[in-house]
Amino acid sequence: MDESAIKPQETYLDVLVSIEKQLEVNQKANVIFALPETEAQFKTLQQDKDFKKVVWRRLYALGYADRAKLKSRWQNVPERRFISAKSLYKKAVERFQKDAGTQPDGWVGLETWESLQELFTFEHDTHLNKWLKPQYQHVLHRAIHLRLIILGFAEKPGGKIQATGTSRALTAGLARCAALLGHLNVDQAEAFATCLDYIFDIDKLTKRVAKNFSHLQSWSALSDGGGAVDVAGFLKSLLKIELWLYGFEGIMPGHQGPEYQVRYLPPVQRHVKKAPLATALSDFLDEFKVDVPKETQHHSFRLMELALVQLAQLDDDTIRQVHAAERSALLSKSIEPLTNKQHQDLRKYMCKTGFGNWLFDGLKRFYRWLKSVASHVMQSIYEFRRKLKMLAVAAKRIASDTFSFVRRGMKVLVDGFKYLVQPEWKMFDKPEENAVLLWRSADMDSLVFVNTQASAEQVHAFNEQFRKIMIRVRAAITIANWLVNEAINLFKDMAISGPLAMVTLLIRIYKMRGSQEFELMKQAYITY
Amino acid sequence: MADQSGLSAMAETLKTAVGDLASLEVMTYTGSISAVVKDGKFQWDKLLPDGDTTADIHLLLATKIDIDGDATHFVASGEIPQFMLDTHAEAVRNGSEYRTQIINFLVGKVSGIIG
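Protein chains in written order, with my numbering: chain A, 4 to 531; chain B, -7 to 107.
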């Protein structure tokens, strides 16, 4: 954020407005974290381990939970019974859901979460038209009461920031609110709707205060209507709300630190009667130091410094010196130049907890996602390579078996057809050496000549040879038959799938292993 | 189309050839081989009915099988060695099986392709 643009402002509310402008610039650059409003973002939030704590804190502030921290406990009446934290949480959620008009199932879904956002937080638009309906009266009164407490218009019941929504509390708080709005020249300030309009729209309230800031320069408690309004308390709450809205972690609007201690005022200043502003300011700064974690104090005080510089100019001459001394003492302790190590620690902390964390966290998540994707891709490539290798081995095996099959088939085919077209069959080339000769015409008529001098063994040998040859011929005819069928199929496949048909053919040939044709061919082949 | 006519003619030729396959004749002769070998070649025509009958050749066994399964057998008088009978039977069996396959292949597939 460019802080140089903020420094020349006149009032500290102007500072806030200028901060707002600067933040808007940053917001456009998506630097500032947007609270989850979509279901997908909400699901991510739901998985956060602190989600239940956040919900419980809100329910407690709205008066639906009876203790600030979610812990299991023993119930005293009517009989001692152990109630788990889970059960307490569920009951508190159910009570809220019942008042907020959502299904009381004890489960914080997007609908319940959005209701909490609208009624509890300042960053979310509150649809008053909805909540002003009679059935939501109870929850709306609690939400109004909570805001009045936070803004300093209503007393904290029992010193706790916990809304009760009682009529008495609301009446008093709204009267103070109306009084302040009246000082800010708001029309019909006393109207209930006007008060709601401002306390549920912090931007509108801030702008109104900034615009009419001169009317609040008395810095004393306003005593109008229902009671005194702590203007300084209201302004510091407003400042804290704005800072909180702009992402300064650790700032809890309405939170009160320990009892005021002038730790930063020099002892010599004690006899000086402090103006309300000095008290409020010191109180605020002290609270600020309590609220804000030490690691981020330096960063936060940078903004506080800007506010203090401007505030001092608004004081009267009487207390200016005091404020100057306070500021000097405060700043000398708080705004010390950071060492390199401190700078690194702050940077680490901001990366860890600030809104910058979301950016870095986003980058980390993106890196992890990228790494995951890369790993997945590499795994896929590895798997693909492995499968490719397996495929290559399978293809090699198929091709080897197929070609072997084809080679054998072709030999059987050629030999078979050689015998098929060969009319004279004999064992030896010289006719007179043969015991048996066979002649076959084209129409399969056969003449068999058996030499009278042939022995039975010689004739059996011929018969055995003849049988083998016949197996080859039969196999050749079967293969020819199969080839014709495959040729027809190949033409059909090529018309449909092109060259891929050859692969299909190879696979079909491979699949032929174990078929009757293959067995016959094998039988024919082993006759050689 | 001309090609179609050519193919049809070839189919007719095949069917005619197959017609000769309608019957199977196997004849087994015996005799001195020197009587039917001339110039290093076996004179098969001397075994045919219209061949040179002066040669010392005897028809021992003859079988004619029609396509409808009817069979006619000729067996010469006298004792016929078993191996002679086996040889003739083998020739008949293979010829019959051969003929069936050829008929199936030629008539079935080739005619089917031509349409």
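The beta-carbon is built from N, C-alpha and C at its ideal position, and this holds for glycine as well.
Keep in mind the model is a prediction, meaning the values are calculated, not measured.
With the rule of 3 Cβ pairs closer than 8 Å, the region 128 to 140 of chain A counts as touching the region 101 to 111 of chain A. By the Cβ test, the region 470 to 489 of chain A is in contact with the region 83 to 97 of chain B, since at least three Cβ pairs between them sit closer than 8 Å.
For residue 204 of chain A, no alpha helix (DSSP H) encloses it, and the DSSP letter there is neither H nor E. Within chain A, the residues placing a beta-carbon under 7 Å from that of residue 29 of chain B are 434 and 435, ordered along the chain. Each residue's CA atom was taken as its position, placing residue 409 of chain A and residue 23 of chain B some 44 Å apart.
Under the 8 Å criterion on CB atoms, residue 454 of chain A is classed as interfacial with respect to chain B. Selection B:74, B:72, B:67 and B:71 evaluated against residue 18 of chain B yields B:67 as nearest (Cα-Cα). A distance of 8 Å or more separates the beta carbons of residue 124 of chain A and residue 96 of chain A. Between residue 463 of chain A and the set B:90, B:55, B:74 and B:87, the nearest pair of CA atoms involves B:74. Under the three-state reduction of DSSP, residue 506 of chain A is assigned to helix. Cβ-Cβ distances below 8 Å link residue 83 of chain B to 18 and 20 in the same chain, with the five nearest sequence neighbours on each side left out; the list follows chain order. Straight across, the Cα-Cα distance linking residue 65 of chain A with residue 166 of chain A is about 5 Å. Counting along the chain, residue 89 of chain A sits inside the alpha helix (DSSP H) bounded by residues 88 to 103. Chain-ordered, the chain A residues with CB closer than 8 Å to the CB of residue 82 of chain B read 466, 469 and 470. Residue 431 of chain A: not part of any alpha helix (DSSP H); DSSP gives it neither H nor E. Excluding sequence positions up to five before and after residue 412 of chain A, its CB lies within less than 8 Å of the CB of 482 and 524, all in the same chain and listed in chain order. Between residue 478 of chain A and residue 419 of chain A a beta carbon distance of about 6 Å is seen, short of the 8 Å cut, so the two are scored as contacting.
Counting C-beta pairs closer than 8 Å gives three or more between the region 455 to 473 of chain A and the region 434 to 442 of chain A, which meets the contact rule. Burial state of residue 155 of chain A is buried, judged by a 10 Å Cβ sphere holding 16 or more other Cβ atoms. Residue environment for residue 454 of chain A: buried (at least 16 other C-beta atoms within 10 angstroms of its C-beta). Beta-bridge partners of residue 442 of chain A (DSSP): A:427 and A:450.
Burial check for residue 64 of chain B: the Cβ neighbour count within 10 Å stays below 16, so the residue is exposed.
Put simply, of A:458, A:456 and A:426 the residue whose alpha carbon is nearest the alpha carbon of residue 476 of chain A is A:426. Rounded to whole angstroms, the separation of the alpha carbons of residue 480 of chain A and residue 434 of chain A is 28 Å.
The beta carbon of residue 88 of chain A lies closer than 7 Å to those of 73, 74 and 75 in the same chain, with the five residues before and after it left out. Counting along the chain, the unbroken alpha helix (DSSP H) around residue 90 of chain B starts and ends at 74 to 95.
The secondary-structure analysis by DSSP pairs residue 65 of chain B across a beta bridge with B:55.
The DSSP-derived three-state label of residue 114 of chain A is helix.
In the structure shown, residue 67 of chain A falls within a coil segment according to DSSP collapsed to helix, strand and coil. In the three-state DSSP reduction, residue 197 of chain A falls in the helix class (H, G or I). Rounded to whole angstroms, residue 416 of chain A and residue 36 of chain B show a C-alpha spacing of 28 Å.
One alpha carbon belongs to residue 92 of chain B, the other to residue 507 of chain A, and they sit about 32 Å apart. Per the DSSP secondary-structure output, residue 524 of chain A pairs with nothing in a beta bridge.
Residue environment analysis places residue 233 of chain A among the buried positions, since at least 16 neighbouring C-beta atoms fall within 10 angstroms of its C-beta. In this structure, the beta-carbon distance from residue 147 of chain A to residue 113 of chain A does not fall below 8 Å.
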